[in-house]
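Since the structure comes first, as structure tokens, the remarks are kept for the end.
2 protein chains.
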Amino acid sequence: MPAATTPSFAPLYLQIKQLLERSLEQREWQPGEAIPSEMDLARRYAVSQGTVRKAIDALAADNLVVRRQGKGTFVATHTEEPASLFRFLRIQPDEGAPVAPVSRLLDVRRGKPAADVARLLALKPGEGVLTLHRVLEFAATPVVLDEISLPAALFRGFTRARYDAYRGSMYGFFESEFGVRMLKAREKIRAVAADAATAQILGTAVGAPLLAVDRVTLTFGERPVEVRRGLCVTREHHYLNELW
Amino acid sequence: MPAATTPSFAPLYLQIKQLLERSLEQREWQPGEAIPSEMDLARRYAVSQGTVRKAIDALAADNLVVRRQGKGTFVATHTEEPASLFRFLRIQPDEGAPVAPVSRLLDVRRGKPAADVARLLALKPGEGVLTLHRVLEFAATPVVLDEISLPAALFRGFTRARYDAYRGSMYGFFESEFGVRMLKAREKIRAVAADAATAQILGTAVGAPLLAVDRVTLTFGERPVEVRRGLCVTREHHYLNELW
DNA sequence: CAGTGGTCTAGACCACATC
DNA sequence: ATGTGGTCTAGACCACTGG
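Protein chains in written order, with my numbering: chain W, 63 to 306; chain A, 63 to 306.
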């Protein structure tokens, strides 16, 4: 017997998935916390455990939750699990094992968005943005220069000092300090020539070829919450992509 | 009750998946054909339909097989389904809808592999390679220059005329003419400066920034069967990547 | 030990495709 | 009408985790 009402035409397990997704978005359970057991959720929604299982499987496939056998199912977080780090960090040294770079924030500015940024972030007229510049260093060598644009409304109280005090990835910082959760991203990659300012920061010649990675990052409901352009020296590093 | 013997320590459904994978590799069913129904397979392996279902789900997640409701489950193929085309083709025009480019083969050569190619293809000493050069054109504009290295042993009888006569993607050609099936790939992406020869073919200035995409393509058993370097003009095109 | 997710089964019914 | 994959259920047992 299904639940009391069937709110839409979709398989039951997808309806349950949607309900769980709403609870996740509304922080009924915090990132890193366990959600209720499958049996509890089955009782709550008046469906069988198998149906809840399929719903959770789908959430896990979307990287919204992480299953841990014998322990429970946990809300995905950027503040733990170094594994999930490399989901969004695709630049790696040509030689040697994957490593996490050091992030150095150059500046933080507030202002009006450029037209393309406003469009990509779906900002309302008049909405402001935060613009960060930061460098990623691998083994003390600057490799990536990022320009990061964020809707100011979602990141009130952002300061350089606050970021510098944080230990962990930038997305971990966004999640724990501002409650903004980066779920997926779309990147467009091009090759460009280094301009003078970039060349100086990255230690390359002016005109040297750089990888330009334009990322739009999405949160719940496919809402864009970050636009970032990364310029990357690929002399001893590369962007790794697995196709399957 | 499980099957007669349990050949290894793994869940039943993964053992079934492995058996099905072996059958797929050995072409017990041809690409594009339907495999037996879930019920038939359940009887064949003496397991329940649900277990076969999980095995097939896993194969479908690996893109080895495609489910079609009401019709059956079909062996994946590069010779149909334009959708699967864009799984390996990530270069797209900045403006407008995704389109399939025209592939123009420049030359075909036989010879000894370069050291790095031999290593990436895991060739035995003395094994020869085929080297192709080809251009991808979007709207009559050359955008990508590919150098493709293939183990000669797997592509006996390859000629330019034979490729030109084929209608469809290159991986479709490999699959239907040589029985070589490209299942997944790993790409390393860098920015480089155009050399004179490349600049001429792609219609750019010498030294212009190009995207260099180094791909190793794998078949069953993670065996590498293609090494390709693509050089791409990203003036009006980009490499698209979805992160989730 | 008790509780969690993971596997496996068996059977019922639905949705879709084909004849 | 028949056969296919897709959903849903209910219950049993396994494997892992932690007190």
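A virtual CB, placed ideally from N, CA and C, is assigned to each residue, including glycine.
Computed from a predicted structure; not experimentally measured.
{"query": "CB contact check: F282 (chain A) to chain W, cutoff 8 Å", "result": "no"}
{"query": "Interface residues of the stretch 247-264 of chain W facing chain A [CB-CB below 7 Å]", "result": "A247, R248, E249, K250, I251, R252, A253, V254 and A255"}
{"query": "V127 (chain W) and V137 (chain W) closer than 8 Å at C-beta", "result": "yes"}
{"query": "Per-residue contacts from H140 (chain W) into chain A (C-beta, under 9 Å)", "result": "Correct list: empty, because the minimum Cβ distance to chain A is about 13 Å."}
{"query": "Contacting residues, own chain, Cβ-Cβ under 7 Å from A258 (chain A) (five flanking each side not counted)", "result": "V268"}
{"query": "Three-state secondary structure (DSSP) of S110 (chain A)", "result": "coil"}
{"query": "Which of helix, strand or coil DSSP assigns to G190 (chain A)", "result": "coil"}
{"query": "Where Q77 (chain W) falls: helix, strand or coil (DSSP)", "result": "helix"}
{"query": "Residue(s) in a DSSP beta bridge with S165 (chain W)", "result": "W:L198"}
{"query": "Under 9 Å by beta carbon: chain W residues contacting D124 (chain A)", "result": "W306"}
{"query": "Rounded straight-line distance, which links the Cα of V287 (chain W) to that of E237 (chain W)", "result": "12 Å"}
{"query": "Closer than 8 Å to chain W by CB, P271 (chain A)", "result": "yes"}
{"query": "Proximity below 8 Å, CB of A253 (chain W) to CB of L272 (chain A)", "result": "yes"}
{"query": "Three-state secondary structure assigned by DSSP to F217 (chain W)", "result": "coil"}
{"query": "Bridge-paired residues (DSSP) for K250 (chain W)", "result": "W:D276 and A:L302"}
{"query": "Coarse secondary structure for I118 (chain W), derived from DSSP in three states", "result": "helix"}
{"query": "Per-residue DSSP class, three states only, for T260 (chain A)", "result": "helix"}
{"query": "CB contact flag (E209 (chain A), R291 (chain A), <8 Å)", "result": "yes"}
{"query": "Span of the beta strand (DSSP E) around R129 (chain W)", "result": "V127 to R130"}
{"query": "Per-residue DSSP class, three states only, for S99 (chain A)", "result": "coil"}
{"query": "Any C-beta of chain W under 8 Å from that of Y233 (chain A)", "result": "no"}
{"query": "Contact the stretch 228-236 of chain A vs the stretch 223-243 of chain W: 3+ CB pairs below 8 Å", "result": "no"}
{"query": "Length of the line joining the Cα atoms of D226 (chain A) and L167 (chain A)", "result": "8 Å"}
{"query": "Cα-Cα separation between L82 (chain A) and M101 (chain A), rounded to whole angstroms", "result": "14 Å"}
{"query": "Where R89 (chain W) sits in the DSSP three-state scheme", "result": "coil"}
{"query": "Neighbour flag for F150 (chain W) against chain A, beta carbons, 8 Å", "result": "yes"}
{"query": "Length of the line joining the Cα atoms of L212 (chain W) and G188 (chain A)", "result": "56 Å"}
{"query": "Partners in chain A for L167 (chain W), counting only beta-carbon separations shorter than 8 Å", "result": "Near L167 (chain W) there are no residues of chain A at all, since even the closest Cβ is about 22 Å away, more than 8 Å."}
{"query": "Cα-Cα separation between V289 (chain A) and E249 (chain A), rounded to whole angstroms", "result": "10 Å"}
{"query": "For A162 (chain A), the nearest candidate out of A:R129, A:P204, A:G190 and A:L185 (CA to CA)", "result": "A:P204"}
{"query": "Environment of T67 (chain W) [buried if 16+ CB atoms lie within 10 Å]", "result": "Residue placement at T67 (chain W) is poorly supported in this model, since its pLDDT is 34, which falls under 50; the coordinates are not used for a value here."}
{"query": "For G339 (chain A): DSSP bridge partner residues", "result": "The structure shown does not extend to residue 339 (chain A), since chain A spans only 63 to 306, so no value can be given for it."}
{"query": "Contact set for E309 (chain W): own chain, Cβ-Cβ below 7 Å, skip 5 residues either direction", "result": "Any question about residue 309 (chain W) goes unanswered here, given that chain W covers just 63 to 306."}
{"query": "Beta-ladder partner(s) of G292 (chain A), from DSSP", "result": "A:D208 and A:V275"}
{"query": "Chain W contact residues for T296 (chain A), given Cβ-Cβ distances below 7 Å", "result": "R252 and A253"}
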